[in-house]
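Read the structure below first, then the notes.
Number of protein chains: 2
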Amino acid sequence: MSRVQTQQKILDAAEGLFAESGFNDTSLRQITGRAEVNLAAVNYHFGSKKALIQAVLQRYLQVVMPRLEQQFDALLARQQPSTLSEVLAVFVQPLLELKQVKPQGTTLFLQLLGRGYTDVQGHLRKFISHHYGSVLNKFVLLVQQSCPSLSNAEIFWRLHFSLGTVVFTMASSEALFDIAAADYREQADIASVIRRLLPYLAAGIAAPTIDSKQLDLMAQATF
Amino acid sequence: MSRVQTQQKILDAAEGLFAESGFNDTSLRQITGRAEVNLAAVNYHFGSKKALIQAVLQRYLQVVMPRLEQQFDALLARQQPSTLSEVLAVFVQPLLELKQVKPQGTTLFLQLLGRGYTDVQGHLRKFISHHYGSVLNKFVLLVQQSCPSLSNAEIFWRLHFSLGTVVFTMASSEALFDIAAADYREQADIASVIRRLLPYLAAGIAAPTIDSKQLDLMAQATF
DNA sequence: GTACATTTCAAACAGTTGTTTGAAATGGGG
DNA sequence: CCCCATTTCAAACAACTGTTTGAAATGTAC
């Protein structure tokens with residue numbers, strides 16, 4: 320079997336299992352079993368499990384990230400600042416295009432992203448900010464321009480709140496789909512979740528700030 | 320050593336390690352090592368690691384949940400529906416009161432909650448909805464009353480988005496504190512994060528809905 | 001078809017995990 | 001003090017993990 324065939328079989332098997340069960344709870348024996356490949360093949364072709372995880376993510380990142388950067392650049396080249404909704408909407412097209420790479424591509428990638436941020440804390444964060452930090456900086460800059468009234472610290476926190484929303488939703492998307500289908504007769508797919516997500520994120524990021532005095536009043540209002 | 324002393328030492332050691340490294344990445348040998356207790360003590364006193372995890376969470380849940388329910392009941396007994404901000408503000412007081420149970424109680428509990436939802440998917444969700452489902456239903460009812468224009472399905476999704484925000488933020492709160500301190504000279508503690516969280520969540524949950532036509536326009540606006 | 005490099009394979013490695021065991025120690029009530 | 005239940009302890013258990021090994025098979029160029 321040729322080099323690329325084996326590598327591809329491993330990547331395909333691995334990404335499915337990783338998305339289902341997370342990185343920690345997926346063993347190399349499960350992966351090589353599903354890929355119909357010898358156990359040692361992973362270490363031979365990728366070096367280690369960690370490297371395999373990165374390779375699985377890289378297959379999608381190297382498609383999505385340049386598309387995102389290109390769109391960010393287009394917005395940055397404008398004269399007047401973009402609205403927050405415009406900035407967030409940039410993600411939709413590149414993510415949905417992953418379906419062309421592979422039928423379930425969008426769902427798989429977002430689930431993997433969710434797993435990567437929740438399973439082993441820090442690893443994926445460092446990997447992404449190291450390889451694609453410049454792209455993310457452009458995104459942050461666009462958000463800052465669209466919300467000039469917010470301090471940079473406030474934006475930092477709210478963007479991480481938003482990251483949490485996305486990552487958690489995607490990591491548990493399969494369970495949420497099931498619940499939504501059972502309780503609300505929803506035929507939920509990844510595109511419909513994205514559609515629901517954007518207004519939530521836009522409103523949260525651009526929310527008015529309140530000072531601590533107001534918060535204290537709110538907290539005591541129910542006594 | 321008396322029964323309760325050993326159990327307490329195990330619980331104290333376990334909750335700290337669980338909060339730091341998550342449930343999967345914390346071994347019983349680490350726990351019994353820190354607790355200065357024999358390895359077999361966990362299985363003798365709690366039965367299994369899974370039961371220990373639940374016991375760790377129960378110590379806080381059985382304090383927080385009755386307090387929450389009591390506040391929800393107070394709001395439900397009102398004549399006019401509460402505002403969303405009022406409903407969300409209910410969480411502040413009971414969570415901060417955990418500091419009286421134990422100095423770092425609030426932070427620990429929220430980190431554990433985050434770990435529980437991100438580490439082993441589903442387990443904690445089932446456990447909480449089984450033991451405290453009625454309390455959560457009252458919360459959902461209050462949110463529905465405060466946002467009459469939103470469909471129940473929309474509220475379902477937005478509450479899970481919010482759960483993701485909280486859970487992810489808390490699970491990685493230590494890392495976020497460090498970044499915030501380094502980049503924005505922020506002295507961030509759990510109370511200040513809650514203060515930042517509430518307006519974000521309130522705005523996100525109450526965000527105006529957009530139809531798919533508008534979304535498509537947004538997505539194509541940058542071409 | 002021979003020579004050489006690449007790839008596969010079964011087997012074993014060393015490490016960790018949660019759990020169980022049976023004896024030793026400790027506890028308090030009669 | 002003795003008895004009996006409770007609790008501790010060191011040791012071993014079986015199952016799993018990612019990784020390495022060295023020989024066998026396959027592929028490729030001459």
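First to last, the sequence lines map onto chains A and B.
Be aware that the first sequence starts at 320, since it is given in the working numbering, and climbs by one per residue.
Be aware that the second sequence starts at 320, since it is given in the working numbering, and climbs by one per residue.
Glycine is no exception: its CB is placed at the ideal position from the N, C-alpha and C atoms.
Quick caveat, the model's predicted, so the values are computed rather than measured.
Residues of its chain near B/T325, where Cβ-Cβ distance is below 7 Å and the 5 sequence neighbours each way are ignored: The residues are V356, A360, H364.
Inter-residue spacing [alpha-carbon to alpha-carbon] between B/Y436 and A/L376: 23 Å
B/A333, buried or exposed, once every other Cβ within 10 Å from all chains shown has been counted against 16: buried
Beta-carbon neighbours of A/V486, restricted to chain B and to distances below 8 Å: G483, F487
Simplified DSSP assignment, three categories, for A/S470: Looking at A/S470 - three-state DSSP - the assignment turns out to be coil, as it is neither helix nor strand.
Integer-rounded CB distance, given that A/T488 should sit under 8 Å from A/L495: Yes, A/L495 and A/T488 are in contact; Cβ-Cβ is about 7 Å, under 8 Å.
B/L407 (DSSP reduced to helix, strand or coil): Annotated three-state conformation of B/L407 is helix, per DSSP.
Residue-chain proximity (A/L495, chain B), Cβ-Cβ < 7 Å: yes
Interface flag, A/R515 vs chain B, CB-CB below 7 Å: yes
Cutoff 8 Å; reference B/R348; Cβ partners in own chain excluding five residues on either side: Apart from sequence neighbours up to five positions away, the residues of its chain that approach B/R348 with a beta-carbon distance below 8 Å are L358, ordered along the chain.
Neighbour flag for B/T325 against chain A, beta carbons, 7 Å: no
Where B/N456 sits in the DSSP three-state scheme: Reduced to three states, the DSSP call for B/N456 is helix.
B/V420 beta carbon less than 7 Å from that of B/V382: yes
The alpha helix (DSSP H) enclosing A/A522, as first and last residue numbers: 509 to 524
Neighbour flag for A/H479 against chain B, beta carbons, 7 Å: yes
Option in B/G341, B/G483, B/F458 with minimal Cα separation from B/E388: Closest by alpha carbon: B/F458.
A/G433 versus A/L407 - alpha carbon distance: 18 Å
Range covered by the alpha helix (DSSP H) that runs through A/S559: Residue 559 of chain A cannot be examined here, being either before or after the span of chain A that is shown, 320 to 542.
Boundaries (first-last residue) of the alpha helix (DSSP H) holding A/E339: 322 to 340
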